[in-house]
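Since the structure comes first, as structure tokens, the remarks are kept for the end.
Number of protein chains: 2
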Amino acid sequence: MTERVASEELRAHLDGRWGAVRDAARTLLADPRFVPSLGTVDEQRTRTFDRLRLLADAGVSRLGFPKEYGGLDDLGGSITGFEMLAMGDLSLLVKAGVQFGLFGGAILQLGTSPHHERYLPDVMSVALPGCFAMTETGHGSDVAALRTTATYDAGEFVITTPDDAARKDYIGNAARDGRAAVVFAQLITAGQERGVHAFVVPIRGADGAPLPGVRIEDCGPKAGLNGVDNGRLWFDGVRVPRENLLNRYGDVAPDGSYSTPIDNPARRFFTMLGTLIQGRISVAGGAGSATKVALAIAVRYAEVRRQFTAPGRDDEIVLLDYLAHQRRLLPALARSYALHFAQGELIAALHDDFGDDERRRPLEARAAAIKAAATWHATATIQICREACGGAGYLVENQLPRLKADTDVFTTFEGDNTVLQQLVGKELLTAYRSQFGELDFLGLIRFVTDTAVDTVVEHTAAHRIIQRLLDAAPGPDADLRDRAWHVELFEWREKHLLDTVARRLRRAGDGADGFAAFNATQDHLLRAARAHADRLLLEAFVAGIDSAAPSLQPLLAQVCDLFVLSTIEGDRAWFIEHGRLSTQRSKAVIAMVDSLCGELRPHASTLVDGFGIPDACITAPIATRSGAARG
Amino acid sequence: MTERVASEELRAHLDGRWGAVRDAARTLLADPRFVPSLGTVDEQRTRTFDRLRLLADAGVSRLGFPKEYGGLDDLGGSITGFEMLAMGDLSLLVKAGVQFGLFGGAILQLGTSPHHERYLPDVMSVALPGCFAMTETGHGSDVAALRTTATYDAGEFVITTPDDAARKDYIGNAARDGRAAVVFAQLITAGQERGVHAFVVPIRGADGAPLPGVRIEDCGPKAGLNGVDNGRLWFDGVRVPRENLLNRYGDVAPDGSYSTPIDNPARRFFTMLGTLIQGRISVAGGAGSATKVALAIAVRYAEVRRQFTAPGRDDEIVLLDYLAHQRRLLPALARSYALHFAQGELIAALHDDFGDDERRRPLEARAAAIKAAATWHATATIQICREACGGAGYLVENQLPRLKADTDVFTTFEGDNTVLQQLVGKELLTAYRSQFGELDFLGLIRFVTDTAVDTVVEHTAAHRIIQRLLDAAPGPDADLRDRAWHVELFEWREKHLLDTVARRLRRAGDGADGFAAFNATQDHLLRAARAHADRLLLEAFVAGIDSAAPSLQPLLAQVCDLFVLSTIEGDRAWFIEHGRLSTQRSKAVIAMVDSLCGELRPHASTLVDGFGIPDACITAPIATRSGAARG
């Protein structure tokens, strides 16, 4: 059996580069003023807004903004801090994400210094609560097709909602608190459409009433996150000064002439969106933290909850001793570790490379892949944890219902997961060709047809270790726990799927119906994106083991084994179908997952303790000593 | 392409034997007084209780009770009516289930005529609101291990909660409305323990205050079903008259002597529980109806919602035209059809055979298998529907959040699904041997070791058609849509899994550690139970097609094909590993699921309309004409 390791040591390793930010967040989360509590929708909204100000007072909002406006210029710290916040009140998390990340982030990334000077200090202090008004009722995923217009007219932009399908929808901060919004609209000047641009538009006066021409409607109660006031916005010829265009990537001169540093409209559009990458990574981190809290509750309950007596034993059996229970919780826990390392790597890369457009671009697909993987993992795992806690898991006091309800929309917002996976698949195919629209089927098909597609897989941070493992080139009879075999298998799957997609699209390229060709390939494209995410996770895990203290490595290697083998088990039909797994070996994988569950079972508590969730964030009676004793 | 069929014709067929009850329920559901609405927990509870009385006034509660006490003696109608109610307010459904099904059902099944005369009229009229106090904090699934005691003393039973782990927990109707409870407790008389028996125990006086010795605590808010007042009960030496023992299966004479018609204590216990089978079937039906509502919303939205433009087309693509979207919704819809037929068959069997112990017993495992299958299907499908509706699916106004939250506990209550599956697996192995406890590992192992286990699979209603199909004995190269191949494959899988479990247990039989042997086999046992459920579903579907009008059969056969092939696809690794599917054929299964999705896509609306959900139950703006137009 692997030596027991101290959870503190594990935590220090998991905390990584922004350990200080994590510790500061832990202190903040322990503050009674931040402990999640219930109430009516109105009470939740009021409390969330009050807490948003407390966050600002505590300086949390400063992390991600430039020093010259009072910020701390620490992008990685800002995303890490956001991730930690998700161990507590998720409404506050999302409210902060809207105010500082989306509203403030759009002004920072799409605006220029006059905007920064004018707005950023008030964004950070919450003196100016704001919205990020991108999504419309009719168009969520397809941002390029938004239909709100901003028409230049005599020194002003006229913002108009042409019809109900073009109203801004699900906009956080809109129903109650927002005073301004960054509105994404089709810019029209000198009779020409210039594509989607962003504008700062005041929506409420000092008295809190909507300004003339602005109509605001409450989206009403949601499954969760009811501390966030989502609303709908209509603009009826609302005029804003020319200076309210966030003009970093496109500007309109007083005479109405348009200028841009990026001539290609599609490239300009995707560059603009690309600067907002932080949102996706933040959601992935938030999903990760919420999942960790759920796992901690379910594991702690499973460690004390007993049910049914075994023959020859006097006491009843602890839930976590059942193999079926281990199989519910431990592979999910292992994947949470993989996601943690992948998230940390991505944050570091973004922190280091954000300013460099060429280096930042590849991170966009990575962020999309990890966002989809992390949020679907959260949805599935929190559900598993709820069920694993039985009736107790259904009570709000045991936290799981709110964790489920609050995170459920994470698979949708900041990019619907399915759409993101398509984006990832396409990016992998084209090695980033900015001339394509997000779902320009025909363009993609032509490109694939005309080009010798290079599906060479690019490695992330751990590239040297990974290359060394690949060079070891294990055969098909490698030990099931041979890391080199894992790495080669995951890489082969991704490459094979991409090759298949390219081949299919090329074959379909002659036909006229681009949609039919896309549709017939969509499933493979999504699968390739999933395989890509799995590989990213594995590579990050390998790097995470490599950088760990020797005392931690055996345990982490076991967790990685479980992550890999349960992933292979889940997709073993595909591996068999493609000649990479014999049926005999496939059965051996299943047996090995069983063994690994048994091996890791004694370490389950250590592994959840390693997440370093503050005690204040685990209030569930079933997961605390006094409450669990009853069970 | 299959001819379009009228949804009315489809509905009439799906309505089946209790069509009149379904229509009456539709009328009731259209009554504005029953339309679900929101509010605080208190408001929801008050409204739910008021509606419970309206249900009673409408005579709904009379269906399942004997005519001599004012009932209608229509068990099948009662369960069907309950199922229909689940298209509306799910809190009301569960409150009615507690009052009429559990509280009333326990008095009816476990009591004798004096109890019936005294209580049933007031149960039906809700003059006596009651609880079903079985589950304790410490023991939910393991009912035999309950620790509340009922000690006979001088003409009375003394009901006592020995400690906090033995308090009654999650008890519906307890926190606010219940005046009495059927309390399950260990009967002790003349110094001897006689196992779990049920007692009618008054818990509140006419003023609504708890009676002396009764402590009641509110479980507080839950993920959903907040119109139901779940609570905890402690009994501190509460004395009830000897007559309050529900004495059908065990009685105590005034002198304290115990008598029973079933000497074997385990058999007595399982006979008692077996009479309460109705609850499980009802939950399965409720889960089915809620799933249908979710599918109807998601399909209607997917029929009008457009996103992204295809090349060569002017308009944007309707969501349901995407293969990935079809693959999310249509296999789930097909499985809902299979479950509908299986549920209908089970209700009919129960209705016809309830009075006959020998014929009722096999229905218990069937009910358990279908309950687990239906409730997990609900949890998964409602989640899929939520995600398929994007941000709109997260708004309460679009119903999916409440459908998800309200049904989430269905996988847990009336028997935790995992525990139920173990029960099913064991029943299949032993062809019902009532001498085993629910999880008597050692007994099971000894039995399997000593006996030539007969894993002959027993067929349900459709046995003649099924036998005819099996006799057709298609080879491994049968057409993928050959029903005989489907039937043979599903049956073979179940039988093979059972054989494997029996072989493994027999091998482990010599070892001393019964738990280790059980644990190593648990996964196979659960898998066998799942395979069993799939076979039940398929056989019911075959019968459902057979009894349909010829005009409906082609469409239903396509739906059945999709149900079968998507099920095979999901488990294709296992079929390949066990030599029943070549890798080539496995890939063909995947392609066939794609084709079937395309074939059924034009019928998707007809298929959800066929469920006959009253318009009043689909209030989601995204699924109604006026709201959908905005999308």
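Sequence order for the protein chains is A and B.
What the first sequence shows, in this note's numbering, is residues 752 to 1382, in sequence order.
What the second sequence shows, in this note's numbering, is residues 752 to 1382, in sequence order.
Note that CB positions come from ideal geometry on N, CA and C, so glycine has one too.
{"Asked": "Following the continuous alpha helix (DSSP H) through I1032 of chain B, name the residue where it begins and the one where it ends.", "Found": "1029 to 1055"}
{"Asked": "At a Cβ cut of 9 Å, what residues of the stretch 951 to 971 of chain B count as close to chain A, listed as they run along the chain?", "Found": "C970, G971"}
{"Asked": "Anything in chain A within Cβ reach of A1099 of chain B, meaning under 9 Å, just list it in chain order.", "Found": "Correct list: empty, because the minimum Cβ distance to chain A is about 31 Å."}
{"Asked": "Closer than 7 Å, Cβ to any Cβ of chain A: which residues of the stretch 1307 to 1337 of chain B, in chain order?", "Found": "R1323, A1324, I1327, E1328, T1334, S1337"}
{"Asked": "Listing by chain order, which chain A residues have their CB less than 7 Å from the CB of I1068 of chain B?", "Found": "F1266"}
{"Asked": "Please tell me whether G822 of chain B has its Cβ less than 9 Å away from any Cβ of chain A.", "Found": "no"}
{"Asked": "Mind checking which residues open and close the alpha helix (DSSP H) that includes Q1218 of chain A?", "Found": "1214 to 1222"}
{"Asked": "Alpha carbon to alpha carbon, how far is L814 of chain B from D1103 of chain B? Give it in angstroms, no decimals.", "Found": "15 Å"}
{"Asked": "Does N1168 of chain A get closer than 9 Å to chain B when you measure Cβ to Cβ?", "Found": "yes"}
{"Asked": "Could you check where the beta strand (DSSP E) with V1069 of chain A kicks off and where it finishes?", "Found": "1067 to 1069"}
{"Asked": "Quick check: what's the CA-CA separation for R1184 of chain A versus E1178 of chain A?", "Found": "Low confidence applies here, because R1184 of chain A scores a pLDDT of 43, under 50, leaving its location unreliable and the question unanswered by this model."}
{"Asked": "Between A1291 of chain B and L1084 of chain B, what straight-line distance do the alpha-carbon atoms span, to the nearest angstrom?", "Found": "16 Å"}
{"Asked": "Select from the stretch 909 to 925 of chain A all residues with a C-beta closer than 9 Å to any C-beta belonging to chain B, and list them in chain order.", "Found": "D914, D915, A916, R918, D920, Y921"}
{"Asked": "Can you name the residues that DSSP bridges to W1325 of chain A?", "Found": "Paired residues: none, contrary to the question."}
{"Asked": "Could you check what DSSP says for D1157 of chain B in three-state terms: helix, strand or coil?", "Found": "helix"}
{"Asked": "With a CB to CB cut of under 6 Å and the five nearest residues on each side skipped, what residues in its chain are close to P1305 of chain A?", "Found": "T753"}
{"Asked": "Would you mind stating whether G881 of chain B and Q1058 of chain A have Cβ atoms separated by less than 9 Å?", "Found": "no"}
{"Asked": "I need the DSSP call for Q1172 of chain A, collapsed to helix, strand or coil.", "Found": "helix"}
{"Asked": "Output the distance between the C-alpha atoms of P1113 of chain A and Y1000 of chain A, rounded to the nearest integer angstrom.", "Found": "20 Å"}
{"Asked": "Sort out for me which residues DSSP pairs S1008 of chain A with in a bridge.", "Found": "None, per the DSSP bridge assignment."}
{"Asked": "Using 8 Å as the cut-off, classify the Cβ of A916 of chain A as near or not near the heavy atoms of the ligand GTP, replying yes or no.", "Found": "Ligands displayed in this structure: none; no statement on the ligand GTP is therefore possible."}
{"Asked": "Shorter than 9 Å from the beta carbon of H890 of chain B to some beta carbon of chain A?", "Found": "yes"}
{"Asked": "Is DSSP giving D774 of chain A helix, strand or coil here?", "Found": "helix"}
{"Asked": "Hey, does N995 of chain B have any beta-carbon neighbour from chain A nearer than 9 Å?", "Found": "no"}
{"Asked": "Can you tell me which of the three DSSP states R1184 of chain A falls into?", "Found": "Unreliable positioning characterises R1184 of chain A in this predicted model, as indicated by a pLDDT of 43, which lies under 50. A coordinate reading is not provided."}
{"Asked": "Could you compute how far the alpha carbon of A732 of chain B sits from the alpha carbon of D1159 of chain B?", "Found": "In the structure as shown, chain B starts at 752 and stops at 1382, and residue 732 of chain B therefore has no counterpart that could be examined."}
{"Asked": "With DSSP run on the structure shown, which of helix, strand or coil describes Y1000 of chain B?", "Found": "coil"}
{"Asked": "Quick one, which of B:A1367, B:D1228, B:A1268, B:D1222 has its alpha-carbon nearest S1337 of chain B's?", "Found": "B:D1228"}
{"Asked": "Does any residue of chain B bring its CB to less than 9 Å from the CB of P1152 of chain A?", "Found": "yes"}
{"Asked": "Between which two residues does the alpha helix (DSSP H) holding L1287 of chain B run?", "Found": "1265 to 1297"}
{"Asked": "Can you find a CB in chain A that lies within less than 9 Å of the CB of I1369 of chain B?", "Found": "no"}
{"Asked": "Which residues of the stretch 755 to 786 of chain B have a Cβ closer than 8 Å to any Cβ of chain A? Give them in chain order.", "Found": "none"}
{"Asked": "With a threshold of 6 Å on Cβ separation, who are the neighbours of T940 of chain B within its own chain once the five nearest residues in sequence on each side are excluded?", "Found": "Y903, V1003, G1007, Y1009"}
{"Asked": "Would you say E1138 of chain B reaches chain A, if we count a Cβ-Cβ gap shorter than 9 Å as a contact?", "Found": "yes"}
{"Asked": "Alpha helix (DSSP H) containing P872 of chain B: first to last residue?", "Found": "864 to 876"}
{"Asked": "Report all residues from its chain with a CB closer than 6 Å to the CB of D969 of chain A; omit the five preceding and five following residues, and keep chain order.", "Found": "A926, G982"}
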